[in-house]
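Colleague: Residue numbers (our numbering): 27 to 196.
Cβ atoms here follow ideal geometry from the backbone N, Cα and C, with glycine treated the same way.
One structure, as structure tokens, below. Some questions next.
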Amino acid sequence: MKRDLALLLILVLAASFLGCISSQTQTQTSQEKWLEGLKKSEFHFYIFGLNTCPHCQRMKKLLPEYFGNSSLTFYEIREDKKAYNTYMKFVKTLGITGVPLIGIFYKDNLYAVVEGEIDPKVIPQLVKEAMKNNGVILIISQGQFLVPKNESKGLELIGNMTTWFKLNGH
């Protein structure tokens with residue numbers, strides 16, 4: 027199971043780096059097979075970032091293009107003290123070193139935390155893998171991890187991260 031997760035995470039990272047190289051934004055296909063059977067209206071993304079960060083701005087633009095205009099909540103950590111203080115909880119707890127920091131939610135449940143850019147087309151696959159492994163996938167500067175939902179420390183961390191991402195009660 028861990029080997030499958032590691033392989034999936036490597037594929038996700040490779041795909042996201044390839045997406046960064048492309049100068050064109052790919053539009054969604056009419057069949058939307060990339061959604062893996064999930065409903066795009068059930069996704070929501072919380073981003074801690076900076077208005078001056080090109081990676082943050084790219085994610086701020088791409089995620090609504092793929093998942094709808096109401097799919098994104100963006101927290102500007104330089105201008106919003108509460109957002110900054112909350113972002114610092116991620117820094118202290120997970121060792122986050124950069125932005126964007128993206129919380130990926132499906133049906134109001136946290137399934138992944140990504141530090142940096144990610145190709146929107148791999149997000150449903152990432153969520154399905156987290157569901158399959160009963161956890162939350164972390165793709166951060168410290169490495170790639172699965173936080174299990176069936177352990178008390180894992181549940182506590184997931185609960186904290188969920189609260190932190192939903193800073194304004196969204």
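Start and end of the alpha helix (DSSP H) containing N111?
Modeller: Here residue 111 refers to the residue found at position 85 of the sequence shown. Per DSSP, N111 belongs to the alpha helix (DSSP H) from 107–120.
Colleague: Per DSSP, which residues does G161 bridge with? Please list them.
Modeller: Sequence index remark: in the sequence shown, residue 161 carries index 135 (1-based). Looking at the DSSP assignment, G161 forms a beta bridge with P174.
Colleague: If contact is defined by three or more beta carbon pairs under 8 Å, each pair taking one atom from either stretch, is the segment 101–113 in contact with the segment 134–152?
Modeller: Touching, no.
Colleague: So what's I103 in DSSP terms, helix, strand or just coil?
Modeller: Position 77 of the sequence shown, counting from 1, holds the residue named residue 103. The answer is coil: DSSP assigns I103 none of H, G, I, E or B.
Colleague: With distances taken Cα to Cα, identify the nearest neighbour of H70 among I165, L136, L172, I166.
Modeller: Here residue 70 is taken as the residue at index 44 of the sequence shown, counted from 1. Answer by Cα proximity: L136.
Colleague: Here's the rule I'm using: 16 or more other beta-carbon atoms within 10 Å means buried, otherwise exposed. How should M187 be labelled?
Modeller: Taking the first residue of the sequence shown as position 1, residue 187 is located at position 161. Buried, since its Cβ has 16 or more Cβ neighbours within 10 Å.
Colleague: Quick check on the burial criterion: 16 or more other C-beta atoms within 10 angstroms. Buried or exposed for D145?
Modeller: Start at 1 with the first residue of the sequence shown, and residue 145 comes out as number 119. Buried: at least 16 other Cβ atoms inside 10 Å.
Colleague: Could you tell me the distance, in whole angstroms, from the CA atom of Q170 to the CA atom of I163?
Modeller: Numbered from its first residue, the sequence shown carries residue 170 at position 144. Numbered from its first residue, the sequence shown carries residue 163 at position 137. Cα to Cα, Q170 sits roughly 7 Å from I163.
Colleague: From this set, E62, Y72, W190, G63, which residue's C-alpha is nearest I128's C-alpha?
Modeller: What you label residue 128 is simply residue 102 of the sequence shown in a count that begins at 1. Of E62, Y72, W190, G63, the residue nearest in Cα terms is Y72.
Colleague: Under a Cβ-count criterion, where at least 16 other Cβ atoms within 10 Å of its own Cβ denotes burial, should V117 be classed as buried or exposed?
Modeller: Taking the sequence shown and counting its residues from 1, one reaches residue 117 at position 91. Flag for V117 reads exposed.
Colleague: Just list the residues that DSSP pairs Y72 with in beta bridges.
Modeller: Indexing the sequence shown from 1 puts residue 72 at position 46. Answer is T99, G129, bridged to Y72.
Colleague: Return the CA-CA distance between G185 and L61, expressed in angstroms with no decimal places.
Modeller: Residue mapping note: residue 185 aligns to position 159 of the sequence shown, counting from 1. Residue mapping note: residue 61 aligns to position 35 of the sequence shown, counting from 1. Cα to Cα, the separation comes out at about 26 Å.
Colleague: Using DSSP with H/G/I as helix, E/B as strand and the rest coil, what is G169?
Modeller: As a working note, residue 169 is residue 143 in the sequence shown. In this structure, G169 counts as strand in the three-state DSSP scheme.
Colleague: Where does the unbroken alpha helix (DSSP H) through E58 begin, and where does it stop?
Modeller: Counted from its first residue, the sequence shown places residue 58 at position 32. Run containing E58: none; DSSP gives neither H nor E here.
Colleague: Quick one: what's N186 bridged to in DSSP?
Modeller: Taking the first residue of the sequence shown as position 1, residue 186 is located at position 160. None, per the DSSP bridge assignment.
Colleague: Pull up the distance between the alpha-carbon of K154 and that of P174, whole angstroms please.
Modeller: In the sequence shown, counting from the first residue as 1, residue 154 sits at position 128. In the sequence shown, counting from the first residue as 1, residue 174 sits at position 148. Rounded to whole angstroms, K154 to P174 spans 14 Å at the Cα level.
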